[in-house]
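Q: Dropping the structure in here first, questions after.
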Amino acid sequence: MSDYLVIVESPAKAKTIERYLGKKYSVKASMGHVIDLPKSQTGVDVDNNFEPRYITIRGKGPVLNDLKKAAKKAKRVYLAADPDREGEAIAWHLAHSLNIEQDEECRVVFNEITKDAVKSSFKHPRTVDMNLVNAQQARRVLDRLVGYNISPLLWKKIKKGLSAGRVQSVAVKLIIDRENEINNFKPEEYWSITGYFQKGKKDFEAKFYGINGKKTPLKSKDDVDQILNGMDGKKFTVGKVNKKERKRNPALPFTTSSLQQEAFRKLNFRAKKTMMVAQQLYEGINLGGREGTSGLITYMRTDSTRISNTAKDEASAFINENYGQKFLGPKRKAKNSEGAQDAHEAIRPTSPKREPSAIKDKLSRDQYRLYKLIWERFMASQMAPAVMDTVTAHLMNNDAEFRASGSQIKFKGFMKLYVEGTDDSKKDDNKVLPPLNEGDTVEAEQIKPDQHFTQPPPRYTEARLVKTLEEKGIGRPSTYAPTLDTIQRRGYVTLDNRRFVPTELGTIVIDMLKEYFPKIIDVQFTAKMENDLDDVEEGSKPWRDIIGDFYHDFEKRLKKAEEEIEKIEVRDEPAGIDCEKCGHEMVYKMGRYGKFLACSNFPDCRNTKPILKKIGVTCPKCKEGDVVERKSKKNRTFYGCDRFPECDFVSWDKPIDRPCPKCQSLLVEKKKKKGTQIVCTECDYKEDVQQ
């Protein structure tokens, strides 16, 4: 039997660590929490100072018994759960179950699962940090009191299966508020005037700026006509030409929030998927050979952009060797968001020398793509700024001033490796102007006015919503992914073109919470509660006091809501067609994967059908059915024949209602980073779609 027992959460993590520690150590997995509050009841004694009632999780008895037997035979037990509040709570519960004394130094933590980090952590064990445990207990108890008291109210008054939580309710409210902004938005007219020029063989544009050097807005066609009437033909004189050198700094290394945002933008990963794949990279991948199983990234739940000096030095050495000294960046200090705990480093590769291409064959496609993103972001953060040459030319025609701007990359710096994504597609601003000197005369080939209207704010994507939650101090790194998953599973929001849209059900729930539990959906209150939990972690506030302050008002509101709220009937929307099985009307219902059709005679008739959206294309396979838009179980859009299963035609790309001009085969639309392209499914024919 091994001398020492080490307990971690997962078998993958256990396998990696066991290889580093050697034969004297036996590493076992608890499979996450083994002790928790009961599922069937609140599990919090509000009359006994909010004492939690913990039980062994159903199905975890054999796991716990196995750990107890192993602990009795070991000289010493080490608890190596993840380095966060959740991990500390797991360690605390295990310590109680295994009769480990409170003052025993049994807790080991490491930010990365590498040989050096793991071995070093076992040289410096500590006691279980009760401040961390209490912060986790406070969150757990608070969420129980909210969820297990409001949820039954929602079931009784609105619909079964609903839930309400602090962070999820605020997230839904933000989505509803944004939808209201969009619906109430009143577009305002404005105009622009663009001059199209050519000098030498170089085309360039200049946009109207103002009159006599003063910026002048164009609010109507009359404003435009007044400017055009005051101009003297199409000849312009070049006035001032401003040339500047501008530096662009790289983005900082990833936090949990920024990783989720960037993985959504660049890889189309949902937050839940990002965290799942990142967990795999953290716990260890079998690289074969001498390396064996090794953790590839540091801990992925962090709000810090701090990087260790060792990691900086390794990155600098790699950059110097592979890109040259001029690509080495200056030493920059981490800039953490307000309220960041800064408990761990930023997310980075455990070894900058481990290039993604060198281990691509050892990783799944998703693992490789996410690791590459993390590696490139970290390496770029340690590289030199990019240097841009910018030029602004002032073109004069009588009193009217137009301005032409251009920029050119003088030195790529970090951009040689990585450029941060954005939520909205933007035109490439790397336009180069022809040589323009003060006093030159240029003639416009065309002067074109255009009418525009202001646009409402965009709906939230996952990336935007995570960013907003972080900026407002709502939730913490570990809560973003489960929050986004929950609000969709409950049917409070749906996704339309990767953007959140509130449902009628979500609106009803939030309206009720707004009236009877305003603190639950109050952004500032929720952010303050997060700060209070941070204070508990730091040991400056007792956790029971925080719960007590909250519950005193909450209990009164709960009783009032029970007495006053009338039952709300969420009616199903008629679909306008009859059930082919029993003749009753079909209605729209909301399911886990969005809306579907169901018979109104349920449960006597259980007929259901997906909602089929025709795209105006005849099935290219059977020539009889229509191609319709469908949704996969992962909510990904695909296209198929409406005669399925008689016809099994499917396509991830949207078919086009015309044949390929080259070979007469099927044409489809393919989404590219910079627009859409129509391609043939058989030959090499391609065409770009005009945006």
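With UniProt numbering, the residue at position 321 of the sequence shown is 321, and numbering never jumps.
Every residue gets a Cβ at the ideal spot worked out from N, C-alpha and C, and that includes glycine.
Please report the distance separating the alpha-carbon of Ser405 from that of Val241.
A: Distance between the alpha carbons of Ser405 and Val241: 10 Å.
Q: Closer than 8 Å is the cut-off here; do at least three beta carbon pairs connect the region 111-119 with the region 292-304?
A: The region 111-119 vs the region 292-304: in contact.
Q: Taking a contact to mean a Cβ-Cβ separation below 8 Å, would you say Glu669 touches Lys686 in this structure?
A: Cβ distance not < 8 Å, so Glu669 and Lys686 don't count as in contact.
Q: Have a look at Ala135 and Lys467 and give me their C-alpha separation to the nearest angstrom.
A: In a straight line, the C-alpha of Ala135 is about 24 Å away from that of Lys467.
Q: Kindly indicate which three-state DSSP category Gln408 falls into: helix, strand or coil?
A: Strand at Gln408.
Q: Exposed or buried, Gln691, counting other C-beta atoms within 10 Å across all chains shown (16 or more means buried)?
A: Reliability of the predicted coordinates at Gln691 is poor, the pLDDT of 44 falling under 50, and no value is obtained from them.
Q: Tell me, to the nearest whole angstrom, how far the beta carbon of Leu64 is from that of Val34; I am working on the premise that it is less than 8 Å.
A: Leu64 to Val34, Cβ: 5 Å. Contact.
Q: Applying the criterion that 16 or more other CB atoms from any shown protein chain within 10 Å of the CB defines a buried residue, is Val509 buried or exposed?
A: With 16 or more other Cβ atoms within 10 Å, it is buried.
Q: By DSSP, does Pro52 sit in helix, in strand, or in coil?
A: DSSP places Pro52 in strand when its eight states are reduced to three.
Q: Here's the rule: buried if 16 or more other CB atoms are within 10 angstroms of the residue's CB, otherwise exposed. What is Asp428?
A: Its pLDDT being 48, under 50, Asp428 is placed unreliably by the model, and the measurement read from it follows with that caveat. Asp428 should be labelled exposed.
Q: In whole angstroms, what is the alpha-carbon distance linking Glu538 and Gln137?
A: Between Glu538 and Gln137, the C-alpha separation is close to 14 Å.
Q: Secondary structure at Met388, three-state DSSP: helix, strand or coil?
A: Correct three-state label for Met388: strand.
Q: Please identify the residue among Leu98, Met396, Ile565 whose C-alpha is closest to the C-alpha of Met231.
A: Of the listed residues, the one whose Cα sits closest to Met231 is Met396.
Q: Say whether the region 53-67 touches the region 25-32, bearing in mind that this needs 3 or more beta-carbon pairs closer than 8 Å, one atom from each stretch.
A: The region 53-67 is in contact with the region 25-32.
Q: Starting from residue 753, trace the beta strand (DSSP E) in both directions and tell me its first and last residue.
A: Beyond the ends of the chain as shown, which are 1 and 691, falls residue 753; an answer cannot be given.
Q: Buried or exposed: where does Arg369 fall if 16 or more other Cβ atoms within 10 Å of its Cβ makes it buried?
A: By the 10 Å Cβ count, Arg369 comes out buried.
Q: Would you tell me roughly how many angstroms separate the C-alpha atoms of Thr503 and Thr461, rounded to the nearest one?
A: Whole-angstrom Cα-Cα distance: 16 Å.
Q: Identify the continuous beta strand (DSSP E) that holds Gly616 and give its terminal residues.
A: First-last of the beta strand (DSSP E) with Gly616: 613-618.
Q: Three-state secondary structure (DSSP) at Glu355?
A: If DSSP states are grouped into helix, strand and coil, Glu355 belongs with coil.
Q: Name the two residues that bound the continuous beta strand (DSSP E) containing Gly506.
A: Run containing Gly506: none in the beta strand (DSSP E); it sits in the alpha helix (DSSP H), 504-516.
Q: Just curious, the beta strand (DSSP E) that Thr637 is in, first and last residue?
A: It spans 637-641 - the beta strand (DSSP E) in which Thr637 sits, taken as one unbroken run.
Q: Using a threshold of 8 Å, state whether the C-beta atoms of Pro38 and Thr454 are closer than that.
A: Result no, Cβ atoms of Pro38 and Thr454 do not sit closer than 8 Å.
Q: Here's the rule: buried if 16 or more other CB atoms are within 10 angstroms of the residue's CB, otherwise exposed. What is Cys579?
A: Flag for Cys579 reads buried.
Q: For Ile176, collect the residues of the same chain with a Cβ closer than 8 Å to its Cβ; drop the 5 residues on either side in sequence, then sort them by chain order.
A: These residues qualify, in order along the chain: Pro502, Gly506, Thr507, Ile510.
Q: With H, G and I counted as helix, E and B as strand and the rest as coil, what does DSSP make of Thr676?
A: In this structure, Thr676 counts as strand in the three-state DSSP scheme.
Q: Thinking Asn420 and Ala251 are a contact (beta carbons under 8 Å), I'd like their distance in whole angstroms, please.
A: Note on identity: in this sequence residue 420 is Glu, with Asn being the wrong assignment. Right, their Cβ atoms sit about 4 Å apart.
Q: The beta strand (DSSP E) spanning Pro659 covers which residue range?
A: From DSSP, the beta strand (DSSP E) with Pro659 extends over 654-659.
Q: If you check the beta carbons only, do Tyr418 and Ala384 fall under 8 Å apart?
A: Cβ atoms of Tyr418 and Ala384: not closer than 8 Å.
Q: Three-state secondary structure (DSSP) at Glu104?
A: Here Glu104 sits in coil by DSSP.
Q: Just grab the DSSP bridge partners of Thr608 for me.
A: Ala598.
Q: Which residue comes first and which comes last in the beta strand (DSSP E) that contains Phe244?
A: Checking the sequence shown, residue 244 turns out to be Lys, not Phe. Start and end: 235-248.
Q: How is Thr454 classed by DSSP in three states: helix, strand or coil?
A: DSSP places Thr454 in coil when its eight states are reduced to three.
Q: What residue range does the beta strand (DSSP E) around Thr494 cover?
A: 493-496 is the span of the beta strand (DSSP E), which, as asked, contains Thr494.
Q: Checking the sheet assignment: what are the DSSP bridge partners for Glu443?
A: Lys235, per the DSSP bridge assignment.
Q: Quickly, what does DSSP pair Pro449 with across the bridge? List them, please.
A: Answer is Ile193, bridged to Pro449.
Q: Below 8 Å between beta carbons: does that hold for Lys24 and Tyr4?
A: Their beta carbons are under 8 Å apart, which means Lys24 touches Tyr4 by this criterion.
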